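These notes are about the structure you will find just below.
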Amino acid sequence: MDAKAVQTLNFSGFTRPGNFEGRRTGFSLSRTGKPEMVRMSRRKMVHMEIACSYNNIPASILESGGHKFPLEEELILKNKSQQIQPYLNGRCIYVVGMMGSGKTTVGKIMSQALSYSFCDCDTLIEEEVDGNSVADIFKLYGESFFRDRETEALRKMSMMHKFVISTGGGAVLRPINWKYMHKGVSVWLDVPVDALAKRIAAVGTNSRPLLHDEAGDAYTAALMRLSSLFEERGEFYANANARVSLENIAAKLGRSDASDLSPTAIAIEALEQVDNFLKAEDGGYAR
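For the sequence shown, the UniProt record's numbering gives the first residue as 1, with consecutive numbering after it.
Printed below as a string of C-alpha cells:
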C-alpha cells in the first residue's frame, strides 16, 4: 500500500504528495493505547500536515549551516535514488539515531529524492497529544506514556508504503518497535557524540527532555549525558539494516571534521548504504 492510499485508509497526520480535499477523519492515538476514529478539524489537520508532509522544496534551495548544496551532490543523489527505487518496492525507510543527529533534515532530503512522503514521529505524537511538545509530554505524563504513543505510531506506519520516517532517539529501545521498523529498511545515522554535543549546545537543550536538567555549561552537560545515552543505546542502533557513519563520510571526502558535511552528502551515503543492504538481501539484485 503506497502513500497514495493514505486518504482511503483515513490515517490522520499522513499526507501524500500534493493536496487533497474531502472528509477529514483518522485514527487517534488514545491514552488507553487503542486507536479511535475521530473527525479531524481543519485546524487540527493543518497541524498534522506539518508533522507528516511531502517535502516539495527543491534541494537546490535548501540550506544547512549557510552552505547551499552543490549541484554535483544533487545529481549524485538523484542518480542513486533512481538506482535503488525499483528494489525498494515501496518499502518505508526508518531513520534512527541519537538526538541531534539530523534524522529529520536528512530524512526529508531522502524522501524528496525517492518521491516518498515524509513523517516525523515526534511531531506526529505532539499533535496527537493535544499539541504538547515532547518535553511537555514527558513532564505531564512521563516517559513511559510517550514511548507507548511512539510504539503505536510506528505500528501504524508499518502498514504504509513509500514513507521516510524520522524516529525519536529512544525508539530503538523497544524490541516491538524493531519488529515494525524491519518491515521496511532502517538506517542509523551514526554521528560522533562530540559533534552531537556541539550541535545541541548551540541551539539549547530546552526541547530535549533527557538533557535540559543537566548541570554545567551547555556543551559539557550535553556531552556527558549523550555519552551515557550512547552507551545505553549503541547496541540497539546497530540493529539497523544500514549504518551511515559521518566519520567515514568525512574520511572519504577528505574532511577533517565530521560536522562539516552537508545534509545532502549524508543523504547520499544513506542511500548508498541502503543500496548495499538491498543488494545483500537480493543476491546482488539478482532477478
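We put the CB at the ideal spot given by N, CA and C, even for glycine.
These numbers were taken from a predicted model, which means no experiment stands behind them.
What whole-angstrom Cβ distance do residue i and residue j have, given they're in contact under 8 Å?
i      : j      : result
ALA251 : ASN276 : At roughly 17 Å, the Cβ-Cβ gap does not stay under 8 Å, so ALA251 and ASN276 are not in contact.
SER158 : LYS139 : The Cβ separation is near 29 Å, so there is no contact.
TRP188 : ALA240 : 4 Å
LEU196 : LEU226 : 5 Å
MET110 : ALA265 : The pair is not a contact, with the Cβ atoms about 12 Å apart (cut-off 8 Å).
ARG147 : GLY170 : 7 Å
Would you mind working out which of the options sits nearest residue i, comparing C-alpha positions?
i           : options                           : result
LEU77       : GLY102, GLU235, ALA240 and VAL106 : VAL106
residue 309 : ALA218, TYR237 and LYS139         : A question about residue 309 goes unanswered here, because the residues of the chain that appear run from 1 up to 287.
GLU272      : GLU74, GLY102 and GLN83           : GLN83
GLU281      : TYR87, GLU73, ALA221 and GLU72    : TYR87
SER259      : LEU246, GLY142 and LEU71          : LEU246
Suppose you measure from the CA of residue i to the CA of residue j; what does that come to, to the nearest Å?
i      : j      : result
ILE200 : ILE125 : 22 Å
GLN85  : LEU114 : 7 Å
LYS80  : VAL193 : 28 Å
SER186 : THR220 : 31 Å
LEU278 : ASP217 : 44 Å
ALA222 : GLU74  : 33 Å
ILE137 : GLY254 : 42 Å
CYS92  : MET99  : 21 Å
SER144 : SER101 : 23 Å
So what's residue i in DSSP terms, helix, strand or just coil?
i      : result
TYR94  : strand
LEU253 : coil
LEU261 : coil
LEU29  : Residue placement at LEU29 cannot be trusted, given a pLDDT of 48 that sits under 50; the coordinates are not used to answer.
SER228 : helix
ARG174 : coil
VAL164 : strand
ALA197 : helix
Are the C-beta atoms of residue i and some chain B residue less than 8 Å apart?
i      : result
TYR219 : Absent here is chain B; the protein component of the structure consists of one chain.
I want to know whether the stretch 174-182 touches the stretch 150-166 - three or more CB-CB distances under 8 Å. They touch, by the three-pair rule.
For the pair the stretch 161-171 and the stretch 107-122, tell me if three or more CB-CB distances fall below 8 Å. yes
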